[in-house]
Every structure is written in C-alpha cells, then in structure tokens.
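Protein chains: 2
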Amino acid sequence: MAGVEVPFPGARKRPPSQADVAMLAGVSAQTVSRVANGLSNVDGQTRERVLTAMRELGYQRNSAARALVLGRFHMLGVISFDLSAHGNARTLAAISRAAQAAGYSVNVAYAEKPTEDAVQQAFFQLTGQAVDGVVVIEAQILDRQGLHLPSAIPVVVADGAQNSPFSSVDNNQAAGAGAATQHLLDLGHRTVWHVGGPEDSYSARRRAAAWRGTLTQAQAPVPPQHSGDWTAASGYRIGTELAARDDVTAIFAANDHMALGVMLALHEAGRDVPTEVSVVGYDDVPESACFIPPLTTVHQDFEEIGRQCVGLLLDQLDAGVGSAQAVVSVAPRLVVRASTGPPPAA
Amino acid sequence: MAGVEVPFPGARKRPPSQADVAMLAGVSAQTVSRVANGLSNVDGQTRERVLTAMRELGYQRNSAARALVLGRFHMLGVISFDLSAHGNARTLAAISRAAQAAGYSVNVAYAEKPTEDAVQQAFFQLTGQAVDGVVVIEAQILDRQGLHLPSAIPVVVADGAQNSPFSSVDNNQAAGAGAATQHLLDLGHRTVWHVGGPEDSYSARRRAAAWRGTLTQAQAPVPPQHSGDWTAASGYRIGTELAARDDVTAIFAANDHMALGVMLALHEAGRDVPTEVSVVGYDDVPESACFIPPLTTVHQDFEEIGRQCVGLLLDQLDAGVGSAQAVVSVAPRLVVRASTGPPPAA
DNA sequence: ATCGGTCATGTTTGCGCTAACACGATGGAG
DNA sequence: CTCCATCGTGTTAGCGCAAACATGACCGAT
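Protein sequence lines, in the order shown, are assigned to chains A and B. Mapped onto numbering that gives the first Met the number 0, the consecutive letters of the first sequence carry residue numbers 0 to 345. Mapped onto numbering that gives the first Met the number 0, the consecutive letters of the second sequence carry residue numbers 0 to 345.
The following block contains the structure:
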C-alpha cells in the first residue's frame, strides 16, 4: 500500500532512475546523485531516506548516462589472441581482478590471429564500445606503427615487443630463460639445446636470445635452434629429432607444454629423464609438478603482471596520454624439480 | 596535407561527435546518424560525403550516448570463477568469439569464489556496468533462488546446475562420463574406480552420477568414490592410494589434470599404464595427447557451448525475459589413446 | 543587529545520440 | 494539371546523469 513499487513480471519497462528515487524520497534528483556518489555534503537523515528509496526501487546507476556526462567509462579493454594458452588466460584473470579492485570493468576483445588487421579491428571494437584504456596481451606485431588508433587512448602491452611505442609490462624473460639455461650448465652439461616458440612471438624470441646469450657467455657451443608453436604436439615432433642424437643431454623448452611433448618423445625413444637427458620448461603450469617426471621450469607471477598493467593504464589515464612510457619487468623464478640432473658420466 | 587530422599528443580533448562530422560534411547530425546506422534512406552521394568526413575525423559512435538513448548496450556479461581452469578459459574465449560475431562485446566479471555473495556482487558489477545479458560459467550455487537480481535481465548458465531457474547450456556430461566408464568395462575390466571433482561442482557431480549409473547398469560393483579438486596434485594424492590396491585396474578421472596426477602416482608405484592399470580423463586438454602415455579422454566442444550461450541470450533479449527456459546439451566425444587397454590377465 | 561564510539542497544545462515528426521536392496516377 | 505517395533531409525532444550555478537557512564574528 505504500509507495513500494514491486517489479511484477512483464511490467516496468525501464529500470528506476534517479528521478524515480528522488520522487520517492521527496528530494531532488541532484541529491540522489550526490548520495549515489558518496559526496559528503548531504544531511545524514536525507541520505538515509535516499538510500532507503534506492533499496526499495532497486536503483542502480545507469552507467551509460554516467559515462556520457563524465567522458569516462570505467572500463578497460583487453585484446587477447589465444585464451587457451595458459599464460594468457592467467594474465586476463589477473587483469580482471586488478581492474575490479580499482573499480573498473574489463571488456574482452578476441582477435583470432595477431595480424595487424585483426588487432586494428579489435581496437575499433573496444574503442567503439567505450573503454578508457586497452591492454594488449602478448602482442606480436604492435611495433608496426601502422596501427591507426582512433584516438589518443592509453595502451599497455603485456608480454609484447619491447621496442613498441607503448608502455609495457612483462616477465623478465631474459632472466628466466637465462636462469633455466644456466641451471643446466651448472649441472655439468656441455651445452643446452633449445625448443623455441614460434618465430613471430616476442616472448619466444626473447627466451631464445637469453638462451643463446647464456651459452655464449659460458663459452658453450650453441646448437641449432628448433622452433615449435607452443603446443605439446610440436614439442613432440622436435623431441623426436633431438632424441635421436646422442649428444643431446639437456633441453630447454620455451614452455611447459612443449617440454611435455619433448619428454614423451624421449620416453618413446627409450632415453630416460633426467639420467640421460635433462629437460626444463617455462611457465610452471600447475600440472607440471605432476609430469613424468615432475618438470623443472620457470614460474611467472601473472598476478603481478595484471596488477602492473592496470596500474600503468590508470596512471596514464590520470596523467594524460602523453605521459611517460613505462617499461615494467616482473621477475620470474626457477623451480627445480625432478626433470633435471647431471649429465650421464661421459 | 589534406584535412587528415593527425592526433598529436595532448591535443584534442574530446573525440569527434556526429555534430562535428555533420558540420564537415555539410549535412545534419541526423543524417550522420543514419549513415552510421546503415539506414537505406540516404542518397548515395550524401552517404559518401558523410563517410569521407567520418574517416577524416576518425569518427566513432559514442556507445554510451547510443546506449543511453536505446536502452541497449550491446554488451554481454560473463561471470567466471576460475579462468586458470582450461575449460572455463576456453568457454570464455568461445563466448567472446560468438558475441563478437553477433555484434556484442563481452564484459568479464571475476568472482573469486562461487559463494552467493561473490556472485551477487559480480552481478551488480555487471548490471551496473550496463550489460544486456549475463552468462555464468560453471555456477555452483545458482539454484539458490536467493540471488537478488537487480532487474529482469536474461541469464544463461554454462555448465551449472540443471535445476536452476535459468536457461542453461552444458556438455552432456552424463553421456561423456558414461562413455568413458563403458569404454573401460568393454575392455574387460571388472569395474572402474572414479577420481571425482569437488563435491560442490555440478559438473563433477554429474560425471560421478553417470559413472555410478553405468556401473550399476552393467551390474559391476561400485567402488568407493574419491574426490579431488580438479588439480593434478589432488589426482596424485588419490592416485597414491589407488596404486596401493591390487584390485584397481581401471580409473576414470573427472578431468585430465587429475588423470595426470593419477598416472604419476601409478608410475612411481611401479604400476604400468595401460598394461596394469587403465586411465581415462575428461576435457581433452590439448596436451593430453602428449601425456605419458597419451591419455584416453572425453573431448568437449567449447566453441559450440559458447555459441549456444550467446544464442540463447540473444533469443531471450529479443523475445523478452519471460520467454521459455531452454536447456541445451552439447554432445562430447570419447577420444581413445594409449592409456587404456584390457586388464592384465587374471 | 549586520555581515560574510558555510552548509544543504534545488534548478538549469548539456553530454551524444536516435525516435518521432516536419518539410520540401519529385513523380506517377487520375 | 492536380493530388497524394514517396523519398531525402532537417528539426525537435529527451534518454539519465552530474557540473555549475542559485537559493535560502543558519552561524559566529563584529
């Protein structure tokens, strides 16, 4: 009997607005706005009445109207190419969490292939959908300045090219890959073979470069590099070749899944891990501790990556887009398990 | 040197509006709107002039203003609990793809735990951020009607409870788990042991129920069920127990990662797969073909799930929220690999 | 008592867009 | 040659919100 407007099915075309709440609470719409925004200059009793009215009507701010008037959307865009890759999914989750904590939502645009066209399209989709900033996960081609950004929108690249014109956050891949290689050398291996990721991936390139650099610095011979496509199947294929060579005693794969494929190939060739061949991966996917044998690998802190991405983006938003370009590196950590050991006695 | 306005740093406070384009093209804002929406009743030459002006200014529709006036946001919300789980990440990717194809964006809300509070909060975040519909991935507690939805918003549940008040899309888990169990029985195993997922997961419950049902129907004894938490580590822990029992010759794990842990435990206990013990997983994660040995498992079509989710949501949007509740089931497929074989000769 | 200052609240305005309507020009039917 | 439908285009209004400004009540200091 009171003014309680029960939303019965089918009725109520539009959700309640500030005006509705204002009417019910007997105040002006502006006062409702002040309460909704938590401004201090509202009388305690008035605020209570407004809050009650809000609850009664189930009022929620219309974010479109709010965005329209503020010019800010409180939404971040994420462009990703392959969410079935563990690292990318984890990074997205972390970005989402960090954004949520900062009061932002995350809008995901999925680009099938990391071609320039696809990225361009994803950018349009996002800016068209009203985002305040964009994170690109594992961008491979963003160094091409050909990207025509519709407006001066902040962009942060996660695990992308380091020479890109954008701020970037990534794992210190050089440190991780270097530690992995050095670990094998320290065990006494004469050299380390590398199963790399795809050539067009900057992550893969940086891991390979660090592998090569570490070998060179240790004056170890640098074996020819093999390149897979991150999948276990490609690791298996390359592993088959490597298993056939007696002089291969240590293999560093650019990710855990390829390492898994390598180990299967070694197993089928009758070469034991780690007594005959040592294998190291990269990523520390949760199940790598249960590989046969448990895999020595490099652990990455995706949560930190996500936090940093969102942090940089919000910084740029506050400081204006022209602000300084930042490059943040997150330290990885070598996790030693049972897949590595000293080389067989020569 | 033409009128191409290059966005130089710091300049240009606000992006161009329809009015700006209209000015440049010498038409009214309404005509620009018509062109932007692809309406037919615009003269060819006029359209060209407008399009040229749009390109010159780099015009993009302001989706906030558009949403404000239309009451539609062209955005779908997705609530997810654990993106590091392979299936969830794949489902999200598929939803994103399908949504994009339908002209919708995807807003991801990450709920840490599938508690009612967290879901409620995620819902508020999404509806507050202006979405037209919501997909909940792997909801565990949505049967509680206690969920207080802010408005009559379409909701579809992917892989959640089947008795929920919402439309749902999921894998036909009964068929998949049944096929896995039957496969082992057909090979001659007297019975099949089950390593289940967490008790509060509907997916896990349904797989376990189908396993039990298949055994019962075949008049095979039903061994006690063990429950893990989807991780390889929990599979390993349970696998250690099972490996100690001589009467265990066939194990069906509720996902591939737990199967991996089980196989490691069997390996360490000196029990060979598949000659002594057969193992089947669920999910067909891409790397399961490279487990040692390659894993027999159940393949799920995540793309189809994503498509169906988006389809149902858009149907509800068009038909009104009161429309019929739909339950869609996507058929899984048993993939037989090297981890299963006949039991050892008794 | 008078004044400037503070506080709570109301009023006005416009963000960018599209639905609805208005209007003039054209064209075929009568 | 008139009439009305059609077509291309312009005009107006309002979506829900918050910034800017306006108002009036109250206060302590003079």
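Beta carbons are placed, not taken as given, at the ideal position from N, Cα and C, and that holds for glycine.
| Asked | Found |
| --- | --- |
| Residue burial classification, L38(A) (beta-carbon count within 10 angstroms, cutoff 16) | exposed |
| Boundaries (first-last residue) of the alpha helix (DSSP H) holding N87(B) | H85 to A100 |
| Touch test, the segment 177–195 of chain B against the segment 205–214 of chain B, Cβ-Cβ under 8 Å, three pairs minimum | yes |
| Below-9 Å beta-carbon distance, R332(B) vs any chain A residue | no |
| Chain B contact for H85(A) (CB, 9 Å cutoff) | yes |
| Top-ranked residue by Cα proximity to M262(B), from S226(B), V278(B), V247(B) and A253(B) | V278(B) |
| Straight-line gap, S338(A) to V134(A) (C-alpha atoms, nearest Å) | 35 Å |
| Identity of the residue in V297(A), G187(A), A173(A) and V34(A) nearest V247(A) by Cα | G187(A) |
| C-beta neighbour in chain A for E115(B), strict 9 Å | no |
| T90(B) and C308(B) closer than 9 Å at C-beta | yes |
| Buried versus exposed call for E137(A) [16 or more other C-beta atoms within 10 Å across all chains shown] | buried |
| CB contact below 9 Å: E286(A) versus chain B | yes |
| C-beta neighbour in chain A for R89(B), strict 9 Å | yes |
| Coarse secondary structure for W229(A), derived from DSSP in three states | coil |
| Straight-line Cα distance separating G269(A) from T114(A) | 41 Å |
| Where T180(A) sits in the DSSP three-state scheme | helix |
| Alpha-carbon to alpha-carbon, Y58(B) and P15(B) | 6 Å |
| Whole-angstrom distance between A129(B) and V130(A), CA atom to CA atom | 13 Å |
| Exposed unless 16 or more other CB atoms sit within 10 angstroms - verdict on G25(A) | exposed |
| Buried or exposed (CB count within 10 angstroms, at least 16 for buried), G70(A) | exposed |
| Exposure of E286(A), with buried meaning 16 or more beta-carbon neighbours within 10 Å | buried |
| Cα-Cα separation, H298(B) to H193(B) | 18 Å |
| Any beta strand (DSSP E) of 3 or more consecutive residues that is wholly inside the segment 168–216 of chain B | 192–195 |
| Chain B contact for V326(A) (CB, 9 Å cutoff) | no |
| Three-state secondary structure assigned by DSSP to L263(B) | helix |
| DSSP three-state assignment for F165(A), whether helix, strand or coil | coil |
| Completely contained alpha helix (DSSP H) runs for the segment 268–330 of chain A, where each covers 4 or more residues | 301–318 |
| Y109(A) versus F123(A) - alpha carbon distance | 12 Å |
| Proximity test, Cβ basis, 9 Å: E111(B) and chain A | yes |
| Reduced DSSP secondary structure (H/G/I, E/B, other) of R143(B) | For R143(B), the predicted structure reports a pLDDT of 48, less than 50, and the residue's modelled location is therefore unreliable. A value from the coordinates is still provided. Of the three classes helix, strand and coil, the one that applies to R143(B) here is coil, per DSSP. |
| Boundaries (first-last residue) of the alpha helix (DSSP H) holding A121(A) | E115 to G127 |
| C-beta contact flag for S166(A) and L311(A) at 9 Å | yes |
| Within chain B, the residues that A232(A) reaches when beta carbons sit closer than 8 Å | P285, A288 and C289 |
| Cβ-based burial, V34(B) [other Cβ within 10 Å; buried from 16] | buried |
| Identified DSSP bridge partners for I136(B) | A157(B) |
| Any chain B beta carbon closer than 9 Å to R211(A) | no |
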